[in-house]
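Engineer: Submitted below is the structure of interest, expressed as structure tokens.
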Amino acid sequence: MKTRLVVIDDEEYIRIPIQDFFEDCGWEVVPFATAEDALEYLEDNSADCVIVDVRLPGMTGPEFIIKAVERRPGIRCVIYTGSFDFSITDELRSAGVDNSCLVRKPALDFGDIKCAVEGPGRGKVV
């Protein structure tokens, strides 16, 4: 079974290249423009990891992460943001998000995103 990745970014020009990269690596990728749509998807479907932007229309990325982890404990959440003043809060840490889960836009190499998705010690090769 393929590893399933959910990608949430309201900017299609960011979302689609991430989707293409991970699909080329053999992952199943499910893209969304809003956190609400992704959360609805996770009610009936599983995912191994989520890549989410901080600033989204409606629900923010951090709000999504808290709700997603409640529904799917153990899901890895990676924050991909252009917001340089963003930092990991205690609430996000308690949801399993640490600095290894934070990637700043623009990532000049999708390898940075891949490393964050795989996480420390996961050893997955994509």
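Numbering of the sequence shown is given in this note's numbering, commencing with residue 1141 and proceeding in unit increments. Each residue gets a CB set at the ideal place from its N, CA and C atoms; glycine is no exception.
How about L1145 and W1167: do their beta carbons lie closer than 8 Å?
Structural biologist: Here residue 1145 is taken as the residue at index 5 of the sequence shown, counted from 1. Here residue 1167 is taken as the residue at index 27 of the sequence shown, counted from 1. Yes.
Engineer: Excluding the 5 residues flanking R1212 on each side, which residues of the same chain have their C-beta closer than 8 Å to its C-beta?
Structural biologist: As a first step, residue 1212 must be located in the sequence shown, where it is residue number 72. The answer, listed in chain order, is L1182, S1186 and A1187.
Engineer: Can you tell me where the alpha helix (DSSP H) holding F1250 begins and where it ends?
Structural biologist: By 1-based counting over the sequence shown, the position of residue 1250 is 110. Looking at the DSSP string, the run of the alpha helix (DSSP H) that includes F1250 is F1250 to E1258.
Engineer: Helix, strand or coil for P1202? Go by DSSP, reduced to three states.
Structural biologist: Taking the first residue of the sequence shown as position 1, residue 1202 is located at position 62. Looking at P1202 - three-state DSSP - the assignment turns out to be helix.
Engineer: Under three-state DSSP, which class holds P1213?
Structural biologist: Against the sequence shown, residue 1213 aligns to sequence position 73. P1213 falls in the coil class under three-state DSSP.
Engineer: So, helix, strand or coil for L1196, using DSSP?
Structural biologist: Within the sequence shown, numbered from 1, the residue matching residue 1196 stands at position 56. If DSSP states are grouped into helix, strand and coil, L1196 belongs with coil.
Engineer: Once DSSP output is grouped into helix, strand and coil, what is the label at E1151?
Structural biologist: Against the sequence shown, residue 1151 aligns to sequence position 11. Correct three-state label for E1151: coil.
Engineer: So C1217 and C1255 are supposed to be a Cβ contact under 8 Å. How far apart are they, rounded?
Structural biologist: Numbered from its first residue, the sequence shown carries residue 1217 at position 77. Numbered from its first residue, the sequence shown carries residue 1255 at position 115. About 15 Å; that fails the 8 Å criterion.
Engineer: By the three-class DSSP mapping on this structure, what secondary structure does F1161 have?
Structural biologist: The residue labelled residue 1161 in the question sits at position 21 within the sequence shown. Here F1161 sits in helix by DSSP.
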